[in-house]
Amino acid sequence: MVFRLPEDELFFPNPELADPDGFLAVGGDLSTERLLLAYENGIFPWFSEDDPICWFSPHERCVIYPEGIKISKSMRKVLRTAGLRLTFNQAFEEVILNCAKVGRKDQPGTWITREMQEAYIALHRQGYASSVEVWRESVLIGGLYGVLMGDVFCGESMFSLESNASKIALIFLCKSGEFKLIDCQLPNDHLLSMGAVIISSAQYYSYLQG
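-4 is the number of the first residue of the sequence shown in our numbering; add one for each residue after it.
Put into structure tokens, the structure is as follows:
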């Protein structure tokens, strides 16, 4: 059952009531308060330009346990020889803009609307969202961003302007020691090849609760 959120009330229905595809609710806004309430309950917004705000909470979750990240032999060679610089939170706005423009093979970047960009930049400025940047000298060539829920990193999107740049960003995030779980939301071949696994929404929620 899909719920319509009231305009004047900060509220989400129980995520267990989401449709089989995870579609839970429509409406509301992208205020910092509503976004934080959503992520605290395993819910995230996902919609296209000109569509109403749609909220999802999949019954199964694609996640990466940082200690389980898979690094192929070829990627280990890239990490040793690429001569790249990696940073946290040095160019959040640039990262999210590139994610919107470049997108991902299985998920066009158009869902990161201007409204979404502004909402997550506001989260970042208040310390609730973070980015990883991959640099070749002074040029940003890849990165990712997500929402911080304690020691769970709720990944939103990543981009590459050079081969393997987004993979390097994800490996750096996993090796940082800052998080016990990386939430990837929905599975794809790229993530599964790097060690992502599927867990139930109940298991995922237990991580959110600490």
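Even for Gly, the Cβ is constructed at its ideal location relative to N, Cα and C. Since the structure is predicted, the reported quantities are computational estimates derived from the model, not experimental observations.
Query: When you compare only the Cα positions, how much space is there between Q207 and L30?; Result: What is shown of the chain runs -4 to 205, which leaves residue 207 out entirely.
Query: Just to check my reading of the structure: F7 and I38 have Cβ atoms closer than 8 Å, yes? What is that Cβ distance to the nearest angstrom?; Result: 6 Å
Query: Decide if L19 is buried, meaning its Cβ has at least 16 other Cβ atoms within 10 Å, or exposed.; Result: buried
Query: Would S196 pass as a contact of P40 if the rule is Cβ separation under 8 Å?; Result: no
Query: Would you give the residue range spanned by the alpha helix (DSSP H) that V144 belongs to?; Result: Checking the displayed sequence, the identity of residue 144 turns out to be Met instead of Val. M144 -> not in any alpha helix (DSSP H); beta strand (DSSP E) instead, spanning V134 to M144.
Query: Exposed or buried, which one is C179 when buried takes at least 16 other CB atoms within 10 Å?; Result: buried
Query: Using three-state DSSP, classify S155 as helix, strand or coil.; Result: strand
Query: My output table needs one value for F7: the three-state DSSP class, helix, strand or coil.; Result: coil
Query: Would you kindly check if the distance between the Cβ of G137 and the Cβ of S155 is under 8 Å?; Result: yes
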